[in-house]
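**Q** Please read through the structure below; I'll follow up with questions.
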Amino acid sequence: MKKRFIVAAAAAVPVARLARSFASSPLTAPPPLPDSIPIPEAKPPADLDVVAVPTGVNKRVAAYGYRGGSFFEKRDFNMGAVLIRHPSGDLLVDTGFGRGIDQQMTTMPPLFQRMTKYEVWKPARDQLESAGYDFGRLAGILLTHAHWDHVSGLPDFPEVPVLVTEREKAAFDREGLHGYLGAPFSARGIPWRVIRFESGPYLGFPRSHDVHGDGSIVCVPAPGHTPGSIIVFVTLAHHVRYALVGDLVWQREGLTRLEERPWLVRKFADLDADGNRRNLLRMASVLQRIPDMIVVPAHDQRAFAEMTTLPNVITKGRIL
Ligand SMILES: [Zn+2]
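Positions -19 to -1, 1 to 301 (mature numbering (1 follows the signal peptide of the UniProt record, and there is no 0)) are the ones given, in order, by the sequence shown.
Structure (structure tokens):
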């Protein structure tokens, strides 16, 4: 009896520790970005726009997304793309689920497949076709990072260049990294274009890449979740600003409450959790200075609800 009690007690300690790692534990708020750092000027064209292309959802609970989230609160994680319309060339940021998602999922590790309950609404390519989109306008697909759920639709756009950082491409090419689809996915070839951060600091991030040279779409490196993750800042006319933060956080609470992903989730989801935390805090200090910036975590439906939508698109589901 005593022995059984000791075994149970020994098991209870790590279980309690594990449970605690899901509890709320906000990071210390950083100071706002100092006034000595200027808010960069942009000359956005009047018709620049940010358009939501939600392709489906992943069935999760809030606790999976951030510390302090409830295990009882169902959260459908957005899986989608963002179309940035710009007269010098449109960009699709990530792809969300593509036409081949079901087959791609069979190549992922069995435990991951069991844990991932997803629902496909309509792939980005099909949505753009329904909307009568002129594909000649699409200059590239810009990846916040190259995880499975962000690249799934690349084969549906074989003619479109894929813009990626050197470090992210290297991670994609390395076999066996968690979250990447690996060699079979890229066997048919992907028209990669490596982006370089040739411009100087931007909102406290050390380097940047100004896509069209007018300051309206600027990428900065934000490694952590993956080695080559980026944040895409978009400045529309009338100072409407978006920050497409990819998977820096999965839900807005990551930035509004400074709650990281729970330890167990970080363990398998983030290649460099410390790096991710540094960039999360950097972004938090930007938001203290520019509180009306619209933050778009790639998997937060509420963020996608704050964008323009495509005309004439009917999908199985819709943003809540
Ligand atoms: Zn993701």
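Built from N, CA and C at the ideal position, the CB exists for glycine as well. No experiment lies behind these values; they were computed from the predicted model shown.
(1) Identify the continuous beta strand (DSSP E) that holds Thr36 and give its terminal residues.
(2) Which same chain residues, not among the five before or five after Gly235, have their C-beta less than 8 Å away from its C-beta?
(3) Tell me whether the beta-carbon of Pro202 lies closer than 9 Å to the beta-carbon of Phe166.
(4) I need the DSSP call for Leu144, collapsed to helix, strand or coil.
(5) Check each residue's C-beta against every heavy atom of ligand 1 and list, in chain order, those closer than 7 Å.
(6) Where does residue 320 sit, in a helix, a strand or coil, going by DSSP?
(7) What residue does the alpha helix (DSSP H) around Phe93 start on, and which one ends it?
(8) What's the C-alpha gap between Val294 and Ala284?
(9) Using a Cβ-Cβ cut-off of 6 Å (strictly less than) and excluding sequence neighbours within five positions of Val199, which residues of its own chain qualify?
(10) Would you call the stretch 82 to 99 and the stretch 115 to 122 touching, i.e. three or more CB-CB distances under 8 Å?
(11) Give the straight-line distance between the Cα atoms of Phe3 and Gly50, rounded to the nearest whole angstrom.
(12) Strictly by DSSP, which residues pair up with Val192?
(13) For Val74, does the three-state DSSP call read helix, strand or coil?
(14) If I follow the unbroken beta strand (DSSP E) through Thr216, where does it start and stop?
**A** Concretely, from the data shown:
(1) For the purposes of this step, residue 36 is taken as residue 55 along the sequence shown, with counting starting at 1. It spans Asp30 to Val42 - the beta strand (DSSP E) in which Thr36 sits, taken as one unbroken run.
(2) Along the sequence shown, one-based indexing puts residue 235 at 254. Counting only Cβ-Cβ distances below 8 Å, and skipping sequence neighbours, we find Gly46, Tyr47, Leu229, Glu241, Arg242, Leu261 and Pro278.
(3) Translated into the one-based positions of the sequence shown, residue 202 becomes position 221. Translated into the one-based positions of the sequence shown, residue 166 becomes position 185. No, the pair does not count as a contact, with Cβ atoms beyond the cut-off.
(4) Taking the sequence shown and counting its residues from 1, the one referred to as residue 144 is at position 163. Residue state, collapsed to three classes: strand.
(5) Around ligand 1, the residues whose beta-carbon falls short of 7 Å from at least one of its heavy atoms are His128, Asp130, His131, Asp228, Ala279 and His280, given in chain order.
(6) The structure shown does not extend to residue 320, since the chain is modelled only from -19 to 301, so the question has no answer here.
(7) One-based indexing of the sequence shown puts residue 93 at position 112. Its alpha helix (DSSP H) spans residues Pro91 to Met96.
(8) Position 313 of the sequence shown holds residue 294. Position 303 of the sequence shown holds residue 284. Going from the Cα of Val294 to the Cα of Ala284 covers about 19 Å.
(9) Translated into positions along the sequence shown, residue 199 becomes position 218. If we look at Val199 and ignore the five residues flanking it on each side, its Cβ neighbours are Tyr183, Ser189, Asp191 and Phe214.
(10) The stretch 82 to 99 makes no contact with the stretch 115 to 122; the number of CB pairs closer than 8 Å stays below 3.
(11) Taking the first residue of the sequence shown as position 1, residue 3 is located at position 22. Taking the first residue of the sequence shown as position 1, residue 50 is located at position 69. Answer to the nearest angstrom: the Cα atoms are 8 Å apart.
(12) For the purposes of this step, residue 192 is identified with residue 211 of the sequence shown, where counting begins at 1. Beta-bridge annotation (DSSP): Val192 is not paired with any residue.
(13) By 1-based counting over the sequence shown, the position of residue 74 is 93. Three-state result, Val74: strand.
(14) The residue labelled residue 216 in the question sits at position 235 within the sequence shown. DSSP places Thr216 in the uninterrupted beta strand (DSSP E) bounded by Ile211 to Thr216.
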